[in-house]
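Asker: Numbering (the numbering used here), first residue to last: 305 to 772. Glycine included, C-beta positions come from ideal geometry on N, C-alpha and C.
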């Protein structure tokens with residue numbers, strides 16, 4: 305079929321000849337303009353046009369709105385985001401009574417030191433990955449992968465800084481060694497990396513610094529954080545500690561004595577050092593190696609049992625065992641007095657986590673000392689630590705309840721609850737106690753600490769051995 309031919313410019317078939325009024329009425333339009341029909345009816349005669357309407361351009365002029373507009377989103381680099389996440393991690397794990405003190409001491413160091421900024425960014429990136437960071441990444445750009453990269457760079461920078469002559473005076477290096485250990489607790493279930501950083505890094509820097517007349521604010525805050533972690537390390541891993549050295553007591557004990565509020569965790573840390581000194585001299589932590597075979601302990605733990613094997617008869621009086629029992633009895637009484645003092649402090653400071661955390665550690669150390677004597681029921685000494693089964697069960701319930709209170713309070717440092725919960729397991733005889741401890745360990749693991757899985761594995765080994 306041929307294409308329809310278009311109309312030419314002279315073709316009059318489509319010419320508009322009627323006015324608008326006649327076109328509506330569909331009548332013939334004659335007489336020119338105005339037409340006869342419009343004259344008879346008294347209407348205005350308007351001619352139509354066949355040309356298409358021209359486009360009308362409307363120019364938009366912006367007017368001020370009465371509503372406030374949202375500010376434009378500022379682009380931020382990934383490093384600053386991870387540093388913010390690091391301080392968010394510190395707010396979720398308040399290792400000191402006042403978070404503002406810790407944040408105020410670390411913020412200038414993080415801004416000035418590339419070394420400390422790297423390890424802070426690594427912890428922040430790992431914290432962001434555990435908290436479901438609201439962004440989508442490829443595997444190579446994920447926060448967890450970047451955390452491992454940042455940590456690797458910080459370790460290389462830390463090695464270079466430790467080779468300097470006056471490194472012991474740098475606050476950023478001191479904090480970097482400690483925070484590297486915290487990162488290890490977040491990624492390594494064994495806890496060995498954390499212990500190595502504490503023993504071979506942080507402690508040696510403090511020893512190299514020696515006694516100083518005055519210490520900076522970051523170093524003062526560091527002393528508050530370091531002592532409770534170091535006390536836990538020496539109780540579990542052994543190897544000596546700087547907490548009972550003259551350089552430590554000369555600096556940090558004098559600083560803490562000038563504070564108005566009583567530092568409960570500082571008192572607990574000093575008692576933990578006393579327990580370590582006690583066990584180091586007599587080797588009473590050997591029961592831990594039997595209950596937790598994978599626990600790393602010093603070689604002196606077998607000396608006590610070598611001495612006990614010499615006395616197969618239970619009624620033989622040995623002066624070494626007598627002095628051992630008397631010292632443990634006095635240490636237990638001191639811990640009970642400390643617990644009473646903590647209860648009094650708790651009523652006056654209801655919103656603080658520190659008294660509850662100190663109570664957990666106090667009960668943990670009481671159980672630790674008693675476990676050494678309860679292992680051998682054939683002893684008949686004049687003075688020994690004594691706790692009834694009902695009291696032991698009550699202590700375990702108290703540890704569980706107070707640990708749950710600390711974990712469910714914003715800022716509760718769950719990682720500090722791992723040693724007390726591990727000690728409470730040795731006396732958890734009820735099924736509800738055991739299930740509660742496992743639930744608390746799962747909660748600590750959700751906070752981002754892989755080392756909680758190590759404690760659960762050791763607990764399974766203990767319960768399997770006791771069941772057989």
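What would DSSP say about residue 323, mapped onto helix, strand or coil?
Answerer: Looking at residue 323 - three-state DSSP - the assignment turns out to be strand.
Asker: Rounded to whole angstroms, what's the CA-CA distance from residue 660 to residue 722? Just pull it up for me.
Answerer: Cα-Cα distance, rounded: 15 Å.
Asker: Round the Cβ separation of residue 409 and residue 525 to the nearest angstrom and send it over; I've been treating them as touching at under 8 Å.
Answerer: About 4 Å separates the two Cβ atoms, so the contact holds.
Asker: Once DSSP output is grouped into helix, strand and coil, what is the label at residue 474?
Answerer: Reduced to three states, the DSSP call for residue 474 is coil.
Asker: Taking contact to mean 3 or more Cβ pairs, one atom from each stretch, closer than 8 Å, check whether the stretch 661-668 and the stretch 710-725 are in contact.
Answerer: Flag = yes, the stretch 661-668 and the stretch 710-725 touch.
Asker: So, using beta-carbon positions, are residue 398 and residue 629 closer together than 9 Å?
Answerer: No, they are not a contact pair.
Asker: Could you have a look at residue 435 and say whether DSSP puts it in helix, strand or coil?
Answerer: Looking at residue 435 - three-state DSSP - the assignment turns out to be coil, as it is neither helix nor strand.
Asker: So what's residue 351 in DSSP terms, helix, strand or just coil?
Answerer: DSSP places residue 351 in strand when its eight states are reduced to three.
Asker: Excluding the 5 residues flanking residue 726 on each side, which residues of the same chain have their C-beta closer than 6 Å to its C-beta?
Answerer: Here the set comprises 759.
Asker: Measuring alpha carbon to alpha carbon, tell me which residue in 485, 413 and 528 is nearest residue 474.
Answerer: Residue 413 is the option with its Cα nearest to residue 474.
Asker: Leaving aside the five residues before and after residue 751 along the sequence, list all residues of the same chain whose C-beta is less than 6 Å from its C-beta, in chain order.
Answerer: Closer than 6 Å at Cβ, skipping near neighbours: 718.
Asker: Is there contact between the stretch 537-552 and the stretch 494-509, where contact requires at least three CB pairs shorter than 8 Å?
Answerer: Yes, since at least three Cβ pairs between the stretch 537-552 and the stretch 494-509 fall closer than 8 Å, the two stretches touch.
Asker: By the 10 Å Cβ neighbour count, where 16 or more other Cβ atoms means buried, how is residue 623 classified, buried or exposed?
Answerer: Classification for residue 623: exposed.
Asker: Residue 386 and residue 426 - do their beta-carbons sit closer together than 9 Å?
Answerer: Yes. Within cutoff.
Asker: For the alpha helix (DSSP H) containing residue 396, name the first residue and the last one.
Answerer: Taken as a continuous stretch (DSSP letters only), the alpha helix (DSSP H) holding residue 396 covers 382-396.
Asker: Cutting at 8 Å between CB atoms, please list the residues of its own chain near residue 644, excluding the five before and the five after it.
Answerer: Answer for residue 644: no residue qualifies.
Asker: Given 8 Å as the limit, is there contact between the stretch 737-756 and the stretch 701-715, that is, 3 or more CB pairs closer than that?
Answerer: These segments touch.
Asker: Straight-line CA distance for residue 379 to residue 485?
Answerer: In this predicted model, residue 379 has a pLDDT of only 43, less than 50, meaning its place in the structure is not dependable; the value taken from the coordinates is given anyway. About 32 Å.
Asker: Looking only at C-alpha atoms, which of 433, 350, 417 and 728 sits nearest to residue 491?
Answerer: Comparing Cα positions, the closest option is 433.
Asker: Report back the beta-carbon spacing between residue 636 and residue 673 to the nearest angstrom; my notes put them in contact at under 8 Å.
Answerer: Confirmed, about 6 Å.
Asker: Compute the Euclidean distance between the alpha carbons of residue 693 and residue 452, then round it to the nearest angstrom.
Answerer: C-alpha separation (whole angstroms): 47 Å.
Asker: Evaluate residue 542 with the Cβ neighbour count: other Cβ atoms within 10 Å of its Cβ, from every protein chain shown; 16 or more gives buried, anything less gives exposed.
Answerer: Residue 542 should be labelled buried.
Asker: Quick one, which of 468, 464 and 736 has its alpha-carbon nearest residue 512's?
Answerer: Among 468, 464 and 736, the Cα nearest to that of residue 512 belongs to 468.
Asker: Return the Cβ separation of residue 741 and residue 704 in integer angstroms, given the expectation that the two are a contact with Cβ distance under 8 Å.
Answerer: Right, their Cβ atoms sit about 6 Å apart.
Asker: Quick check: the Cα distance between residue 702 and residue 578, rounded to an integer number of angstroms?
Answerer: Cα to Cα, the separation comes out at about 23 Å.
Asker: May I ask you to report which of helix, strand or coil DSSP gives residue 452?
Answerer: Residue state, collapsed to three classes: helix.
Asker: In the DSSP assignment, the alpha helix (DSSP H) including residue 788 goes from what residue to what residue?
Answerer: Missing from the structure shown is residue 788; the chain here goes from 305 to 772 and no further.
Asker: Take residue 731 as the anchor and find which of 478, 625, 767 and 753 has the nearest alpha-carbon.
Answerer: The shortest C-alpha separation from residue 731 is found at 767.
Asker: Can you tell me the Cα-Cα spacing of residue 626 and residue 761, whole angstroms?
Answerer: Whole-angstrom Cα-Cα distance: 36 Å.
Asker: Taking C-alpha atoms, which residue in 430, 342, 734 and 350 lies nearest to residue 383?
Answerer: The shortest C-alpha separation from residue 383 is found at 430.
Asker: Please list the terminal residues of the continuous alpha helix (DSSP H) segment that includes residue 342.
Answerer: From DSSP, the alpha helix (DSSP H) with residue 342 extends over 340-345.
Asker: Check residue 567 in the structure and name its three-state DSSP category.
Answerer: In this structure, residue 567 counts as coil in the three-state DSSP scheme.
Asker: Give the range of the alpha helix (DSSP H) segment to which residue 742 is assigned.
Answerer: Start and end: 735-750.
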